[in-house]
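The next block holds one structure in the form of structure tokens; read it before the comments.
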Amino acid sequence: MKWALGIILLCVIVLAGCTDNSPHNGVIIKKEIYPELMDPDNEYVYEFRGHSSNWEAVFFIYKTKTAERAATKTVLVYTGKDSLPTGELSAPYIAQDITGGGSLTIDKAPEQGIYVFGPSAFPASPDQESPIQLLVHWSTHAEVIELKPAT
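Encoded structure:
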């Protein structure tokens, strides 16, 4: 009986180690990677994160003390099983009744599947607690990602 409990306990430990709480593809998106987000002249930098079946997304809203408007930077990491997307990739968003976004034309897929949009203007003062809806459209596919404030 003790050996059966030991085997069950061992299986639970092994299976618990198989859960994936880490970012997809082993890629961690940090604001420290992008110098404009670490500028000491920044008044604020807000970070929002989310994921879908095929994408990990990070959305930054930031403003320098001297700028009239905030700016955004969107970073997408492809986590799907198909080959990395090329061609047209767009990522429009809705944030606090404000729409924006951008598109890229990709001739050669990036090595780690990281696609960066921005900076682009954000025309209002952002609410750092409100979620953002991001639509990722590539090839014949589209997915909506709800981005929540990073903690």
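Using mature numbering (1 follows the signal peptide of the UniProt record, and there is no 0), the letters of the sequence shown map in sequence onto residues -16 to -1, 1 to 135.
Here a beta-carbon is modelled for each residue, glycine too, at the ideal position from N, C-alpha and C.
Just so you know, these numbers come straight off a predicted model, no measurement behind them.
Exercise for the section: Please determine, among F32, T135, V100, the residue with the shortest C-alpha to C-alpha distance to G86. Expected result: In this structure, V100 is the residue among F32, T135, V100 with its C-alpha nearest to the C-alpha of G86.
Practice task
Measure how close the beta-carbons of T58 and A41 come, nearest whole angstrom, since I'm counting them as under 8 Å.
Solution key: Yes, T58 and A41 are in contact; Cβ-Cβ is about 7 Å, under 8 Å.
Problem - Collapsed DSSP secondary structure at P103 in the structure displayed - result: In the structure shown, the three-state DSSP call for P103 is strand.
Handout entry: Unbroken beta strand (DSSP E) run spanning T50, endpoints
Key = For T50, no beta strand (DSSP E) run applies, since DSSP gives it neither H nor E.
Handout entry: Selection from L73, E113, F43 that minimises the alpha carbon distance to D91
Key = Shortest Cα-Cα distance from D91 to any of L73, E113, F43 involves L73.
Exercise for the section: Tell me whether G71 is buried or exposed, calling it buried when 16 or more other Cβ atoms sit within 10 Å of its Cβ. Expected result: With fewer than 16 neighbouring CB atoms inside 10 Å of its own CB, G71 falls in the exposed class.
Handout entry: Range of the contiguous beta strand (DSSP E) that encloses P133
Key = P133 -> beta strand (DSSP E) spans 125 to 133.
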